[in-house]
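Residue numbers (this note's numbering): 1480 to 1684. Glycine included, every Cβ here is placed at the ideal spot set by N, Cα and C. Just so you know, these numbers come straight off a predicted model, no measurement behind them.
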């Protein structure tokens, strides 16, 4: 059995609305058997996420380093900039492919997952600026992943969910509480032989 067969939940947003992240974390059980990867396209705030989220989840909250294995029952945060990829079950951090203009870090990571991850993919687009992530949703659907957007009327900054919905590749438009419930439903629908027997976690940094 390969190491990269459990679900990955890619959560993309802008931490200008921190409550979107914290509400989602509160709703997810510690032993769900998924890796949660938070990609924030405001590169000035990921360290704030690392400091804040441990108060809202019992899962380890870990800053990603190059070569770190992806593991279930952890929350991973890209804290030091660059583009995030995944290969052979490990995170790969590379220099940004878009040095000017609005970042597309969510799009880059989602596309890497569709090419190199063998487990179920769940793409979640939360409140945030611009439209990062939307361009990769077609790829996620192409590998039978699930795409979810936050209900725009629950967000102060609606650009990201509105852009994702307009692109035509969003399966579900939900409140944050219902997004957590849907992630739980999807994770628990994965056949038992494709779930990790136990979560061997990476030590938080």
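In the structure shown, the three-state DSSP call for residue 1640 is helix.
In the DSSP assignment, residue 1556 forms a beta bridge with 1517 and 1542. Across the set 1558, 1514 and 1526, the C-alpha of 1514 shows the shortest separation from the C-alpha of residue 1538.
Straight through space, the alpha carbons of residue 1606 and residue 1638 are spaced by roughly 7 Å. The beta carbon of residue 1517 is closer than 6 Å to those of 1490 and 1556 in its chain, skipping five residues each way along the sequence. Look at the beta carbons and you see the region 1616-1624 touching the region 1592-1602: at least three pairs across the two are nearer than 8 Å. Counting every other CB atom within 10 Å of its CB across the protein chains shown gives residue 1612 a total of 16 or more, marking it as buried. Judged by DSSP secondary structure, residue 1492 falls within the beta strand (DSSP E) whose first and last residues are 1487-1492. Going by DSSP, residue 1649 is part of no beta strand (DSSP E) at all; its letter is neither H nor E. By the neighbour-count definition (other C-beta atoms within 10 Å, threshold 16), residue 1651 is an exposed residue. Collapsing the DSSP output to three states places residue 1575 in coil. In this structure, DSSP gives residue 1501 a helical state, which the three-state scheme calls helix.
Distance from residue 1519 to residue 1507 at the Cβ level is roughly 17 Å; contact not present, criterion being Cβ atoms closer than 8 Å. Distance from the CA atom of residue 1667 to the CA atom of residue 1661, rounded to whole angstroms, is 10 Å. For residue 1620, the three-state secondary structure derived from DSSP is helix. Measuring C-alpha to C-alpha distances from residue 1563 to each of 1553, 1509, 1583 and 1550 identifies 1583 as the nearest. The residue from 1645, 1630 and 1540 with its alpha-carbon nearest to that of residue 1550 is 1540. Residue 1581 is classed as exposed because its beta carbon has fewer than 16 other beta carbons within 10 Å across all chains shown. When secondary structure is reduced to three states using DSSP, residue 1531 falls in the helix class.
Between the C-alpha atoms of residue 1496 and residue 1548 there is a straight-line separation of about 29 Å.
DSSP places residue 1511 outside both helix and strand once states are collapsed to three, so it counts as coil.
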